[in-house]
Amino acid sequence: MMLYKLVVLGDGGVGKTALTIQLCLNHFVGLMISRHMTQPLKIPIVNK
1 MMLYKLVVLG
11 DGGVGKTALT
21 IQLCLNHFVG
31 LMISRHMTQP
41 LKIPIVNK
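Right, here's the structure in full:
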């Protein structure tokens, strides 16, 4: 088995993770949820 080292660079949301999954697992992921969208959203609650 050959060993390859690959560096994937690019802006957020361009498909770096989808490309990596496709290359490693031979499986295309059509929809990826951005890592930034999975972080908790802080919403301040203001008493009326």
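Numbering (UniProt numbering), first residue to last: 1 to 48.
Backbone N, C-alpha and C fix where the C-beta goes; we use that ideal spot for every residue, glycine too.
Cut-off 6 angstroms between Cβ atoms - residues of its own chain near residue i, not counting five sequence neighbours on either side
| i | result |
| --- | --- |
| residue 29 | 18 and 21 |
Delimiting residues of the alpha helix (DSSP H) encompassing residue i
| i | result |
| --- | --- |
| residue 19 | 16 to 25 |
Sequence-distant residues of its chain with Cβ nearer than 7 angstroms to residue i (five each side left out)
| i | result |
| --- | --- |
| residue 16 | 8 and 10 |
| residue 27 | 21 |
Rounded straight-line distance, which links the Cα of residue j to that of residue i
| i | j | result |
| --- | --- | --- |
| residue 4 | residue 47 | 56 angstroms |
| residue 23 | residue 2 | 14 angstroms |
| residue 25 | residue 31 | 16 angstroms |
| residue 12 | residue 6 | 18 angstroms |
8 angstroms CB neighbourhood of residue i in its chain, flanking five on each side removed
| i | result |
| --- | --- |
| residue 14 | none |
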